[in-house]
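Novice:
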Amino acid sequence: MSEQAHATTGTYLRVALILVMITLIEVGVFYVPAFQGVLVPVLLVLSAVKFALVVMFYMHLKFDNRFFTFLFGGPLLLALAVIVSLLFIFYGTVRLRTGT
Amino acid sequence: MRLVLALLLLFLTACSGQFPQSVFAPRSDFSTELAGLFTNIFWWAVAVFVFVEMLLLIAIARFRARPGAAHPKPVHGHTALEIGWTLAPALILVFIAVPTMRAIFATSGHAPEGALRVEVIGHQWWWEYRYPTLNISAYNELHLPVRTAIQVDMTSADVIHSFWVPRLGGKRDLIQGRTNRIAFRADSTGEYWGQCAEFCGASHANMRLRVFVESDSAFQRWVDQQRAAPATPAKGSPAEAGERVFRRSACIGCHTIAGVAQGKVGPDLSHVGGRATIAGALFPNTTETLHRWILNAPSLKPGASMPPQNVSPQDLDALVAYLQSLK
Amino acid sequence: MTHGSTHAHEAHRTSMGVDSRKMAFWAFIGSECLLFGSLIATYLVYKGRSLVGPYPHEILNIPFTSFSTFDLLMSSLAMVLALAAVQRGDMKRGKLWLLITALLGLVFLGGQFWEFSHFVHEGLGLTTNLFGSTFYVLTGTHGAHVTVGVIWLLTLWIQALRGKLGPGNALTVEITGLYWHFVDVVWIVIFTVVYLIQ
Amino acid sequence: MKRWLTTTDHKRIGLLYFWTAFGFFLIGGLEALIIRAQLVRPDGGLGVSAETFNQLFTMHGTTMVFLALMPLSAAFFNFIIPLQIGARDVAFPRLNAFSYWVFLLGGLFLNASFIAGPLFGADRLSVAPDAGWFGYANLTSRQFSPGPNVDFWLLGLQILGIASLAAGFNFVVTILNMRAPGMRMLRLPVFTWMTLVTQFLVITAFPVITVALVLLMFDRFFGTHFFLPSGGGDPILWQHLFWMFGHPEVYILILPAMGIVSEVLPTFSKKPLFGYTVVVYSGVVIAFLGWSVWSHHMFSTGLGPIADSVFAGTTMLIAIPTGVKIFNWIATLWGGQIRFTTSLLFAVGFIAMFIIGGLSGVTHASAPSDLQQTDTYYVVAHIHYVLFGGTILGLFAGIYYWWPKMTGRLLSESLGKVHFWLTLIGMNLAFFPMHFSGLLGMPRRIYTYSADLGVARFNQLSTVGAFLIGIATLIFFWNLLRTRWRPANAPANPWDGATLEWAIPSPPPVYNFTVIPTVTSRLPLWQTERHPPMTPLPDRPPAPIHVPGGSWWPMITAFGLPIIAIGALAHLIPIVLAGAGVVIVGIYRWAYEPFEM
Ligand code: HEA
Ligand code: HEA
Ligand code: CUA
Ligand SMILES: [Cu+2]
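The listed protein sequences correspond, in order, to chains A, B, C and D.
Its first residue numbered 1, the first sequence is counted upward by one per residue in this note's numbering.
Its first residue numbered 1001, the second sequence is counted upward by one per residue in this note's numbering.
Its first residue numbered 2001, the third sequence is counted upward by one per residue in this note's numbering.
Its first residue numbered 3001, the fourth sequence is counted upward by one per residue in this note's numbering.
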């Protein structure tokens, strides 16, 4: 159990602070009309950062056995691929169907 | 091996015409393309098959254990070989993939400008065809002009079905809420068989269809016939009595006969007398089958949503006479 | 059948040098990624395909859900603090933080309950439209996970109250934490994909 | 009796899996025989009704895939894996018992549908699942399938999914974490490797079908429209979710058999496996690619030319790693001293037959070509060449190979050879003609066909072949049974195998290894250039070995699941809650039970 060497209460608090700040930014961005155009990419990046922070620090993935990263990251990437390809297939065919 | 050869022989004779749903006797540009593609891949597959099975047979024939023989050399692998038998299949696959991609785009279902449009609508377990430009409809039996580009738009009124006439082309699914397309041009006249290929419930096996590819003039005659109002039976004929029975029976709740009834549950019967078959091309359209059909459709076609009709023998005769008069 | 356990140490030797339960749990979490991935994919595929309202933008309440999100993030913080305390052997703090984590989870569930009943009141039922169905099934599945997590945390807390939880059980608490943080992470995604990207 | 009900010993659980799965195999085979009898003549055959026929092929497919083949592989995972890696048991023995009981109860639940008719005011033989093994929406909606048939299917598969997932986590951890000292990943036997890959497919693919089934359940029980166009839903989404699971599933079915063959061939040709690392990595690549091809089951749904091209391409790629395996197997035989035991015959039969199925798979992969093949008997031919010619022949090879280890009794080689040749002839007679009936226009899932199609001759051949397989299977069954009355006198290593399971007596003692061996090579029992064979283990343990006792809780917890399902089926919430109660109590008692590992 070597995590303690890496993550301290201070780290946890700092991470929590960042998480809350990002959430505030997310909500802020949502309400600012100027951001409407880039809303989706900005939000996706921000939530990915939050996701990574929790996984790396709170779930100790950063400090733990590298193999856990594979055990979690592999399926995670697969899940992402599933989402992306389904979206592509469905929105792609919608366009085909309504286009010509 | 001998079995394979014997069957291969049968396979070749299969092209000779006694198989109305064979994919080996294509009669349209679409099905010809598919047959060509299949033949191409088939020969690659035969080559791979023969090569690999030969290797296998040689291995087990040559290296059977002999008593007293020395322990075999423990070979652990061979890098060049591994690379070789990775690349060789990859190369063969290129020869399969390229024509595949070409065929995918060639058969993507878009007919040239000016093609005859037909809409196919699947029902459990019968077919409805609409010709939006000709303003007519047909049921179970599709009539098409020869050497004319056809654009087929498909959808379903209920579950998923699949429209398949092997000699005219590959199958495409009929899906409620979606429109699917195929396009083809039949190159010779004749009667083509097909049937629903996607499992669609109790009578999936009985959801068959016919396509009549006709010369332009014959097709035009058929179109005119469908456009005309249904025949009015002669005064005093059995058919006229039949019309009266029809009007007072449950039939009108489900069937349309222009000017007589407008039910929508079953096929339109305005021109049922002119069809060669009934009930999803399941039975020839004869007096006898019509009798049996009306009396108890579900017993002939499991699950059919036309309930048994309680009609007296005289009424039945009249009814059938009427239906037959509707050419 | 049990014989004396002189070889107890043998059972604890593992080939990857990590505890089997923890490894199994990471595999489980990986598997859960695909569960939620499929649900999110379903939600996204059906986005904008509802035939009748209410539609997302008419009904989703961002300030309220931001609070829920904040609540869940804080519960994650409480969870790591609980684990750190248990690992230090500070069971007094450990108990406290466990309870706080569970309570924050309960607050989240209460919020979800309020949100659901509010939506139903507004006319968005499970079967109203595709948005309703995909929304309730996705967030409901997440809510079910939170519920399991809360029960699990309370179980640990009760165990701790009875003095049966100590640094020797740190691994149990750690695994509970993995589950809890994962549930939090899923919410981070849901919050963005469902609530913010309308 | 109690010892079997509460057992957590992986060897006993393996035997339980074996016999249960074999029983389901007989049932699934019986269903197939009725299907074949019905199709022996055009226009009606045996007189099986359309409704019954639909139940037969649905249950046949479902039974074979989920209740026969997967658990037959699981029998070997359970029995052999801990032995091959030098462990005393799996990582979680009670979870393992739980998997078995859930599987058994899920299987019984599914098959109970055959006799449950009267409970629903229907005839016997009328409420079994009847929408095909992939249950396409929207045929499975309440509107088009009002009865409990589809409910049985969806609830049964949910239960079975839990069993598979639990086993999946268990074996991933077992293989990674319970290896004996020195058993590095690249020293693992190939069967263990393929099992590991398979379990990764299980834990990633099963959640997807779980979601699909949950959505279907909402549609059927609560009136949502996930797959119903009438409410804006799309039946095609079901197909995507199903095949995202379904295609990995077919590799879940074949990879263990490929692993078995990779064990059997080296042993009987007295040569190490040719290209071990390549064989292992190609298995990984197959699994990886297996995730990217699912839409090849949907070429006729109109995906559009781009998606068609992509999925055709990825599908074809799988031929490469599969071919690599096949060439390495042949190279293993090449130059060996091949002993023609039954096990070897089946392994060679596997290669020979699987190639045929693989090649017809490639003709499917070409999307336009598949438009003429999909949903015809040509597909039925493909699936049986890969599933029967592949998986089943591979499993038979494994049974002949490991039966002495599992029971201490050798199977009769002469009966075995009869079994092999009858099976080989029978399967070709049954399944080869299906290529023709399919291309000549015979769709699948039809209970009757017109005599005018001209396919009656082919169907007769298929039926004869099916009954030959039936006879062969009965001979095999007899071969299994008769060993029960023979003395358990099989030697520890009857075949001169190289892997660890052969280092211990047949059948192995409860604790497996008197001392956990330290592994120094890939072939521990063989003399290789660099390594002498392992020194034999002591006959008796130098120190007492702790073996965990049994537990009731896995079985009791498992019982909660079918109770929940029955409650759902009968729309009785109290029963659902009672079942959930059983599960919760079971889990708590399980968690707090003193269980020493
Ligand atoms: C054990 C199970 C298993 C396995 C291993 C496979 C393997 C393959 N399958 Fe199969 N498949 C099924 C089980 C399996 N399948 C089932 C159950 C269905 C039907 C489901 C249903 O509808 O009910 C199905 C259906 C199915 C379809 C859909 C058909 C349709 O419904 O229209 C397709 C389409 O692409 C396909 C393709 C393939 C391919 C390309 C492979 C490849 O992996 C095969 C690779 C192997 C080889 C190619 C042979 C060896 C290779 C060489 C010797 C190298 C040289 C070769 C070349 C250069 C070609 N399969
Ligand atoms: C997974 C593996 C698997 C296996 C091993 C088999 C084995 C067999 N299958 Fe299977 N089959 C499928 C998987 C499998 N099948 C699937 C997935 C489908 C698609 C289902 C669908 O469309 O939904 C299918 C569909 C299918 C069809 C098409 C049905 C249709 O579309 O209408 C047919 C038709 O001939 C068929 C035949 C056979 C035969 C003859 C065997 C034989 O090999 C069986 C041999 C075994 C035996 C004969 C057992 C011996 C038993 C006895 C002799 C009786 C003794 C009994 C007792 C003591 C109780 N199968
Ligand atoms: Cu319509 Cu099958
Ligand atoms: Cu597939």
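Note that beta-carbon positions come from the ideal geometry of N, C-alpha and C, so glycine has one too.
Could you name the residues of chain D that Val-82/A contacts, counting a contact when the two beta carbons are closer than 7 Å?
Specialist: In chain order: Met-3244.
Novice: Under the rule that 16 or more other beta-carbon atoms within 10 Å means buried, what is His-3247/D, buried or exposed?
Specialist: With 16 or more other Cβ atoms within 10 Å, it is buried.
Novice: In the region 1158-1192 of chain B, which residues sit with their C-beta less than 8 Å from some C-beta in chain D, listed in chain order?
Specialist: Listed in sequence order: Asp-1158, Val-1159, Ile-1160, Ser-1162, Trp-1164, Pro-1166, Gly-1169, Gly-1170, Lys-1171, Arg-1172, Asp-1173, Ile-1175, Gln-1176, Gly-1177, Arg-1178, Asn-1180, Arg-1181.
Novice: Let me see if you follow: with CB-CB separation under 8 Å, is Met-2001/C close to chain D or not?
Specialist: Summary for Met-2001/C: the model assigns pLDDT 31, below 50, so the residue's position carries little reliability; its value from the coordinates is reported in the next sentence. Yes, Met-2001/C counts as interfacial toward chain D.
Novice: Starting from Phe-1184/B, follow its DSSP beta bridges and name the residues at the other end.
Specialist: The partner list for Phe-1184/B (beta bridge, DSSP) reads Ile-1150/B.
Novice: Quick one, which of Phe-88/A, Leu-43/A, Leu-17/A, Val-27/A has its alpha-carbon nearest Phe-2067/C's?
Specialist: The shortest C-alpha separation from Phe-2067/C is found at Val-27/A.
Novice: Is DSSP giving Trp-1193/B helix, strand or coil here?
Specialist: Three-state DSSP puts Trp-1193/B in a strand.
Novice: Can you tell which of Gly-3336/D, Ala-3488/D, Phe-3350/D has the C-alpha that lies nearest to the C-alpha of Arg-1066/B?
Specialist: The option with the nearest alpha carbon to Arg-1066/B is Gly-3336/D.
Novice: Got a sec, what are the start and stop residues for the alpha helix (DSSP H) His-3240/D sits in?
Specialist: Per DSSP, His-3240/D belongs to the alpha helix (DSSP H) from 3235-3269.
Novice: Checking the sheet assignment: what are the DSSP bridge partners for Ala-1138/B?
Specialist: Answer is Tyr-1129/B.
Novice: Determine, using beta carbons only, whether Val-1052/B comes closer than 8 Å to chain D.
Specialist: Interface residue, yes.
Novice: Below 7 Å CB to CB, which residues in the same chain sit around Ala-2956/D once its five sequence neighbours on both sides are set aside?
Specialist: Since the displayed chain D opens at 3001 and closes at 3597, residue 2956/D lies outside it and no answer follows.
Novice: Which residues in chain A have a C-beta closer than 8 Å to the C-beta of Met-2091/C? List them in chain order.
Specialist: Within 8 Å Cβ-Cβ: nothing; Met-2091/C doesn't reach chain A, min ~16 Å.
Novice: Against Val-3173/D, what residues of chain C qualify as contacts under a CB-to-CB distance less than 8 Å, listed in chain order?
Specialist: Ordered by position in chain C, the residues that pass the 8 Å Cβ test against Val-3173/D are Ser-2020, Met-2023, Ala-2024, Ala-2027.
Novice: Against chain D, with Cβ distances strictly below 8 Å, would Pro-1093/B count as a contact?
Specialist: This sequence places Leu at residue 1093/B; Pro is not what is there. For Leu-1093/B, the answer is yes, since a Cβ of chain D falls inside 8 Å of its Cβ.
Novice: Val-3190/D by DSSP, collapsed to three states: which one?
Specialist: Val-3190/D: helix per DSSP, three-state reduction.
Novice: For a test of the three-state rule: what should DSSP assign to Arg-3088/D, helix, strand or coil?
Specialist: Here Arg-3088/D sits in coil by DSSP.
Novice: Would the C-beta of Thr-3113/D count as close to ligand 2, meaning under 7 Å from any of its heavy atoms?
Specialist: Looking at the sequence shown, residue 3113/D is not Thr but Ser. No.
Novice: For Glu-1113/B, which of helix, strand or coil comes out of DSSP?
Specialist: Correct three-state label for Glu-1113/B: coil.
Novice: Tell me whether the region 3241-3257 of chain D and the region 3171-3190 of chain D touch, counting them as touching only if at least three CB pairs, one residue from each stretch, are closer than 8 Å.
Specialist: Output reads no: the region 3171-3190 of chain D does not touch the region 3241-3257 of chain D.
Novice: Between Ala-3543/D and Gly-3560/D, which are expected to be in contact by the criterion C-beta below 8 Å, what is the C-beta distance as a whole number of angstroms?
Specialist: With 8 Å as the limit, Ala-3543/D and Gly-3560/D do not qualify as a contact, their Cβ atoms being about 40 Å apart.
Novice: Mind checking who Ile-3013/D pairs with in its DSSP beta bridge?
Specialist: Looking at the DSSP assignment, Ile-3013/D forms no beta bridge with any residue, so it has no partner.
Novice: Are the Cβ atoms of Gly-3147/D and Trp-3193/D separated by less than 8 Å?
Specialist: Cβ distance not < 8 Å, so Gly-3147/D and Trp-3193/D don't count as in contact.
Novice: Between Arg-1172/B and Thr-1277/B, is the Cβ-Cβ spacing less than 8 Å?
Specialist: Not a contact, by the Cβ cut-off of 8 Å.
Novice: Any heavy atom of ligand 5 closer than 7 Å to the Cβ of Ser-3360/D?
Specialist: For the structure depicted, ligand 5 is absent and the ligand set comprises only ligand 1, ligand 2, ligand 3 and ligand 4.
Novice: Under the assumption that Ala-2085/C contacts Gly-2094/C (Cβ atoms under 8 Å), give the Cβ distance between them as a whole number of angstroms.
Specialist: The pair is a contact, with the Cβ atoms about 4 Å apart (cut-off 8 Å).
Novice: Just the C-alpha distance for Ser-3073/D and Leu-3265/D, rounded to the nearest angstrom, thanks.
Specialist: Distance between the alpha carbons of Ser-3073/D and Leu-3265/D is about 18 Å.
Novice: Using the C-alpha atoms, what's the distance from Val-3190/D back to Trp-3552/D?
Specialist: If you take the alpha carbons of Trp-3552/D and Val-3190/D, they lie about 34 Å apart.
Novice: Quick check: the region 3092-3107 of chain D against the region 3011-3031 of chain D, are there 3 or more CB pairs under 8 Å?
Specialist: Verdict: yes, contact present.
Novice: Would you say Asn-3177/D reaches chain C, if we count a Cβ-Cβ gap shorter than 8 Å as a contact?
Specialist: For Asn-3177/D, the answer is yes, since a Cβ of chain C falls inside 8 Å of its Cβ.
Novice: With 16 as the cutoff for other CB atoms within 10 Å, does Lys-3271/D come out buried or exposed?
Specialist: When all chains shown are included, Lys-3271/D counts as buried.
Novice: Under the criterion of a Cβ to heavy atom distance below 7 Å, does Ala-3365/D qualify as lining ligand 1?
Specialist: Checking the Cβ of Ala-3365/D against ligand 1 gives yes.
Novice: Taking Gly-3275/D as the query, report the chain B residues whose CB atoms sit under 7 Å from its CB, ordered along the chain.
Specialist: Within 7 Å Cβ-Cβ: Gly-1077, Glu-1082.
Novice: Sort Thr-2065/C, Asp-2184/C, Gln-2087/C, Leu-2060/C by Cα distance to Leu-2124/C and report the nearest one.
Specialist: Checked all of Thr-2065/C, Asp-2184/C, Gln-2087/C, Leu-2060/C; the closest Cα to Leu-2124/C is Leu-2060/C.
Novice: Any C-beta of chain A sitting closer than 8 Å to the C-beta of Ala-3307/D?
Specialist: Closer than 8 Å: yes.
Novice: Arg-14/A by DSSP, collapsed to three states: which one?
Specialist: Arg-14/A falls in the helix class under three-state DSSP.
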